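What follows is a set of notes on a single structure, which appears directly below.
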């Protein structure tokens, strides 16, 4: 079976700033990979390249064996297979929670409205927000908005999920409710790539931890090894700054 994600020699620059410097990384079907690293290490850019929100300068990305960096690749079709959750919730403020979940289904997937409504109800139940289905985003807490964003991504029935610092904009007391939803997805076997600063979540939920710095993968391996007994000094320095390990 081919990897869910296969990244080969990926480079990305913004002007003179070389952000990704030859990334080689694969994610197996059903694997949960947490990507850690200091600000500016290229973590978010890597995720954005996977969804073609940024165009790589060199290298290739294969999703389920299909090269999405091919100029002929259907980007819209690609994005139906990859759910993405951002730091900011990016909900449509003028639409109810239900419509936030159905608009992509009806507009992109061409799902009939009753079926889209059923999917929205199912996904909101999954994230524990059935009672908020007719609310507008402004009436929700930050944690609830992020859970709606996750439900919206799931309503498109993606094969994999990308999370870009999904809890960084939340007040500390709201972080747990979002991480609980992500743990549930991991237990259910969803392929996930998570850029996060939540070391505890990485230790508990990840199959593999990847540490990035200055646009390269410095170290990767099981959470116990990378987070408790890192091999590289750069990894040790980072962990001393952010944890008690």
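In our numbering, the protein residues as written are 1389 to 1633. For every residue, glycine included, the Cβ atom is placed at its ideal position computed from N, Cα and C. The model shown is predicted, which means the values in this text are computed figures rather than measured ones.
With fewer than 16 neighbouring CB atoms inside 10 Å of its own CB, residue 1527 falls in the exposed class. In the three-state reduction of the DSSP assignment, residue 1402 falls in the strand class. Ranked by how close their Cα comes to the Cα of residue 1416, the residues 1401, 1466, 1392, 1432 have 1392 in first place. Around residue 1619, the same chain offers 1607 as residues with beta carbons nearer than 7 Å, after the five sequence neighbours per side are excluded. With contact defined as three or more Cβ pairs closer than 8 Å, the region 1581 to 1589 and the region 1416 to 1427 are in contact. For the 8 Å CB-CB criterion, residue 1531 and residue 1566 form a contact. CA-CA distance, residue 1413 to residue 1562, rounds to 32 Å. Distance from residue 1552 to residue 1463 at the Cβ level is roughly 18 Å; contact not present, criterion being Cβ atoms closer than 8 Å. With contacts defined by Cβ atoms closer than 8 Å, residue 1508 and residue 1490 form a contacting pair. Annotated three-state conformation of residue 1524 is coil, per DSSP. The bridge partners DSSP lists for residue 1396 are 1448. At a cut-off of 4 residues, the continuous stretches assigned as alpha helix (DSSP H) that sit fully inside the region 1530 to 1566 are 1530 to 1543. Linking residue 1622 to residue 1515 through their CA atoms gives a straight-line distance of about 37 Å. An exposed status is given to residue 1625, since fewer than 16 other beta-carbon atoms sit within 10 Å of its beta-carbon. Counting along the chain, residue 1505 sits inside no beta strand (DSSP E); it lies in the alpha helix (DSSP H) bounded by residues 1501 to 1514.
The alpha carbon of residue 1546 has as its nearest neighbour, out of 1513, 1492, 1517, 1529, the alpha carbon of 1492. Between residue 1426 and residue 1576, the beta carbon gap of about 31 Å keeps them out of contact (Cβ cut-off 8 Å). For residue 1424, the enclosing beta strand (DSSP E) covers residues 1420 to 1424. Closest option to residue 1496, judged by alpha-carbon separation, among 1467, 1549, 1432: 1467. If you draw a straight line from the Cα of residue 1595 to the Cα of residue 1612, it is about 10 Å long.
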